[in-house]
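Engineer: My questions all concern the structure below.
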Amino acid sequence: MKQEILFSMQSPFRDTFQIKGYRFGQGEKCLAIVGAMRGDEIQQLYICSQIVKQLCLLEKRGQLKLEKEILVIPSANPFSMNIGKRFWAMDNTDINRMFPGYDQGETTQRIAAGIFKAVQGYEYGIQMASSYMNGEYIPHVRITQTGYEDVKTGGYFGLPYICLRKPLPFDTTLLNYNWQIWETKAYSIYAGENQEIDNALCRRIISSIFRFMKRTGIIKNELPSTPDYNSIIFNEEELITIKSPIAGIFYNFKKSGDEIRKGELLAQILHPCDGSTNAEIVAPEDGVIFFNHNKSLALQNTPLFRICASAQYF
Amino acid sequence: MIKTIATTALPVEERLLIKKNVISNGGSQRFCIVTGTHGDELEGQYVCFQLNKILQENIGKLNGTVEIYPALNPLGIDSITRGIPNFDLDMNRMFPGSLDGTMAENIVHSILNDLKGADIVIDIHSSNIFLREIPQVRININTAQRLVPYAKFLNLDFIWIHDAATVLEATLAHSLNSLDTPTLVVEMGVGMRINHKYGNRLVTGILNLMHHLGMWSEQPDPSLISKPITSEGDSVCFLNAEASGIFLTENKNNEVVEPGEEIGCIVSSLTGEVLQHVIAPVKGLMFTLRAYPVVYQGSLLARIHKL
Chain A
1 MKQEILFSMQ
11 SPFRDTFQIK
21 GYRFGQGEKC
31 LAIVGAMRGD
41 EIQQLYICSQ
51 IVKQLCLLEK
61 RGQLKLEKEI
71 LVIPSANPFS
81 MNIGKRFWAM
91 DNTDINRMFP
101 GYDQGETTQR
111 IAAGIFKAVQ
121 GYEYGIQMAS
131 SYMNGEYIPH
141 VRITQTGYED
151 VKTGGYFGLP
161 YICLRKPLPF
171 DTTLLNYNWQ
181 IWETKAYSIY
191 AGENQEIDNA
201 LCRRIISSIF
211 RFMKRTGIIK
221 NELPSTPDYN
231 SIIFNEEELI
241 TIKSPIAGIF
251 YNFKKSGDEI
261 RKGELLAQIL
271 HPCDGSTNAE
281 IVAPEDGVIF
291 FNHNKSLALQ
301 NTPLFRICAS
311 AQYF
Chain B
1 MIKTIATTAL
11 PVEERLLIKK
21 NVISNGGSQR
31 FCIVTGTHGD
41 ELEGQYVCFQ
51 LNKILQENIG
61 KLNGTVEIYP
71 ALNPLGIDSI
81 TRGIPNFDLD
91 MNRMFPGSLD
101 GTMAENIVHS
111 ILNDLKGADI
121 VIDIHSSNIF
131 LREIPQVRIN
141 INTAQRLVPY
151 AKFLNLDFIW
161 IHDAATVLEA
171 TLAHSLNSLD
181 TPTLVVEMGV
191 GMRINHKYGN
201 RLVTGILNLM
211 HHLGMWSEQP
221 DPSLISKPIT
231 SEGDSVCFLN
241 AEASGIFLTE
251 NKNNEVVEPG
261 EEIGCIVSSL
271 TGEVLQHVIA
281 PVKGLMFTLR
291 AYPVVYQGSL
301 LARIHKL
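Top line first, the protein sequences correspond to chains A and B. Be aware that the first sequence starts at 1, since it is given in this note's numbering, and climbs by one per residue. Be aware that the second sequence starts at 1, since it is given in this note's numbering, and climbs by one per residue.
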């Protein structure tokens, strides 16, 4: 393993801002993995750190036979994480909305350009991502449909779902989108939520990334087995969104991954002051909860659940 | 007449309310003034106040309907938050919104539907807390032919016709223009402050435009209406910081700078060093100048329209 500083920048008063890369093997650029680009992506950071640890262990034991090169960037935004901000602390801009970046532009455009320069030209790209919707996701691979996507290879992770997303105009500045435009097969991995480390979930994701690396011939090793699925592939718009009919306290009985039956009570919206039940949220179809809102308050029309209905697949 | 155009319940004993004031006297044309999309931009508040006052005190001069929307993002304005509190996304990157989406997407969808079909919409912005802008209109090149003639009536100093950028497709102005509702974006001043002089100029400009549309009987004195410089193509030069530190300047924007002229410098308050002399690379009109002194490498310091 070679540790490198991929991007650095002086700060007016803080320590030097640095993005470090952990490079394994050499030769053909094969796989780049990008972790936390936002300051609250702690689970994403942890997963990358564990991948680095496992690869180092295999290397130390002489078991890592790499003819190609892997680059892991666990933390692309330490400055925001260290002060508890999601976005760039100075101007609240999002590095993941600045790709492909511009090295003569604004600060976060320069950071994005630095990251993109480092991760460009790889055959595969994996981003540990997060959404603007607060909540927990079932583990899945998300692929932006640019016309260059390789969905079949996305199945190598063996995660339960592959969600295909048609890009909106503001998606064109994401890393995933730009990776594909520059001919990298790009996959975003979503699992659980950002700020808490769920050990069992992280083990599944780490193992699925090693499974991907083995099946694409990057490495020969596989981690101890976790469930290996024939991924269900669907378009994001097929998900059924259940929104809160009214604002109030969100009292939830279910979470992502739970199987549900039509008519089953999923949650209640309670009056914030007298505690009465103002609305009952019931399952509209049989299926699996793909996403659940995980804050205790809900606004009117907040998406509380997104359901993958089973009727379409079974 | 005050109307609520979008509403949604907040969790605890409060509703989010987006309101407009509809001022009407004969005529069928509809002129809309919107502002407050970004909660830290306040220049539009003064313009809305003055227009309300003038129109109501001189209602006989009005021929048509003027609708004033002072706060598209009331939660943001009330809490000094640029975006919508509790949401990560910039409200002006969410249009056209959707009925199926989050509360914020619903709200922007309602706003768009309410504005759709107006004869003209003026969307007033005031930069952000970092940059000070001279009074200007910004127009996407794809809509320039239709909008520039309107922009020239607005009594501002500068019209910037910029390239089409995919990311800007999610703005209110782009969405409305796509729906055949002509919408002009005004940028002036700096975030969190109100410049009365700029506000008064835009109020006169709006009345001037209304007059040319047949909606206001009194013509503002033509000799007082500014003739804006129009910038298009590759004629804007961006100056970004090459050092991180404190940006100091004695300059003001709306000045013509000469090549080689020092606009300011970036200094270290720890060591006393000058880290960068910021030099104008071209002759031109400085229409943007940094107002917030702390800079990182890459922070925008100034924009110059080449002359």
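We put the beta carbon where it would ideally sit given N, CA and C, even for glycine. Small disclaimer: the values here were computed from a predicted structure and weren't measured.
(1) Do T35 of chain B and Y133 of chain A come within 8 Å of each other at the CB atom, strictly closer than that value?
(2) Which same chain residues, not among the five before or five after F314 of chain A, have their C-beta less than 7 Å away from its C-beta?
(3) Verify whether the separation of the beta carbon atoms of A170 of chain B and F116 of chain A is less than 8 Å.
(4) According to DSSP, I232 of chain A sits in a beta bridge with which residue or residues?
(5) Is there at least one Cβ from chain B nearer than 8 Å to F314 of chain A's Cβ?
(6) Spatial neighbours of A247 of chain A within its chain, please: C-beta separation below 7 Å, excluding the five flanking residues on both sides.
(7) Starting from T302 of chain A, find everything on chain B with Cβ-Cβ shorter than 8 Å and list it in chain order.
(8) Would you list, in sequence order, the uninterrupted alpha helix (DSSP H) runs of no fewer than 4 residues that lie entirely inside the segment 172–251 of chain A?
(9) Does any CB atom of chain A fall closer than 8 Å to the CB of T8 of chain B?
(10) Assuming C48 of chain B is part of the alpha helix (DSSP H), what are its boundary residues?
(11) Are the Cβ atoms of D103 of chain A and A118 of chain A separated by less than 8 Å?
(12) Tell me the DSSP secondary structure of R110 of chain A in three-state form.
(13) Looking only at C-alpha atoms, which of B:F247, B:N251, B:Y198 sits nearest to I225 of chain B?
(14) Listing by chain order, which chain B residues have their CB less than 8 Å from the CB of M90 of chain A?
(15) Please return the same chain residues whose Cβ sits closer than 6 Å to the Cβ of T204 of chain B, not counting the five positions on each side in sequence.
(16) Residues of chain B with CB closer than 9 Å to the CB of C273 of chain A, please, in chain order.
(17) Whose Cβ in chain A lies nearer than 7 Å to the Cβ of T166 of chain B?
(18) Would you call the segment 50–67 of chain B and the segment 20–29 of chain B in contact, with 3 or more CB pairs under 8 Å?
(19) Rounded to a whole number of angstroms, what is the C-alpha to C-alpha distance between M37 of chain A and F99 of chain A?
(20) Using a threshold of 8 Å, state whether the C-beta atoms of L363 of chain A and M213 of chain A are closer than that.
(21) Under the three-state reduction of DSSP, which class applies to L248 of chain B: helix, strand or coil?
(22) Tell me which same chain residues have a C-beta within less than 6 Å of the C-beta of S130 of chain A, skipping the five on either side of it?
(23) Look up R97 of chain A in the DSSP assignment and give the residues it is bridged to.
(24) Under a three-way DSSP split, which group does A118 of chain A fall into?
(25) Ends of the beta strand (DSSP E) at C273 of chain A?
(26) Buried or exposed: where does R61 of chain A fall if 16 or more other Cβ atoms within 10 Å of its Cβ makes it buried?
(27) From the DSSP output, which residues share a beta bridge with F7 of chain A?
(28) Taking DSSP as the reference, what is the three-state secondary structure of Y46 of chain A?
(29) Using 8 Å as the threshold, is the C-beta distance between N176 of chain A and T216 of chain A below it?
(30) In angstroms with no decimal places, state the Cα-to-Cα distance between T143 of chain B and K116 of chain B.
(31) In chain B, what lies closer than 7 Å to I248 of chain A by C-beta?
(32) Run through DSSP, which three-state label would M188 of chain B get?
(33) Would you list, in sequence order, the uninterrupted alpha helix (DSSP H) runs of no fewer than 4 residues that lie entirely inside the segment 100–142 of chain B?
(34) What residues in its chain sit with their C-beta under 8 Å from that of D157 of chain B, if we drop five residues either side in the sequence?
(35) Around the C-beta of E106 of chain A, are 16 or more other C-beta atoms found within 10 angstroms, so that it is buried, or is it exposed?
(36) Report the partner residues of C32 of chain B according to the DSSP bridge assignment.
Structural biologist: Looking at the coordinates:
(1) Here the sequence assigns Met to residue 133 of chain A, which means Tyr is not the residue at that position. Cβ distance not < 8 Å, so M133 of chain A and T35 of chain B don't count as in contact.
(2) Annotation note: pLDDT 49 at F314 of chain A (below 50); position unreliable, no value reported.
(3) no
(4) A:Y161
(5) With a pLDDT of 49 at F314 of chain A, under the threshold of 50, the predicted position of this residue should be treated as unreliable, though the coordinate-derived value follows. Not one chain B Cβ lies under 8 Å of F314 of chain A.
(6) A298, L299, Q300
(7) T102, M103
(8) 175–181, 199–215
(9) For T8 of chain B, the answer is yes, since a Cβ of chain A falls inside 8 Å of its Cβ.
(10) 43–57
(11) no
(12) helix
(13) B:Y198
(14) V294, Y296, S299
(15) Closer than 6 Å at Cβ, skipping near neighbours: N155, P220.
(16) V12, E13
(17) P169, T172
(18) yes
(19) 12 Å
(20) Here chain A covers residues 1 to 314 and nothing more, so residue 363 of chain A does not appear.
(21) If DSSP states are grouped into helix, strand and coil, L248 of chain B belongs with the strands.
(22) E41, N194
(23) According to DSSP, which records beta bridges pairwise, R97 of chain A is partnered with nothing at all.
(24) helix
(25) Taken as a continuous stretch (DSSP letters only), C273 of chain A belongs to no beta strand (DSSP E), as it is neither H nor E.
(26) Taking all protein chains shown into account, R61 of chain A has fewer than 16 neighbouring C-beta atoms within 10 Å of its C-beta and is therefore exposed.
(27) A:I19
(28) helix
(29) no
(30) 16 Å
(31) At residue 248 of chain A the sequence reads Gly, which differs from the Ile that was named. The contacting residues are P11.
(32) strand
(33) 103–115
(34) I134, P135, Q136, S226, P228, I229, N254, F287
(35) buried
(36) DSSP lists B:E67, B:V121 as partners of C32 of chain B.
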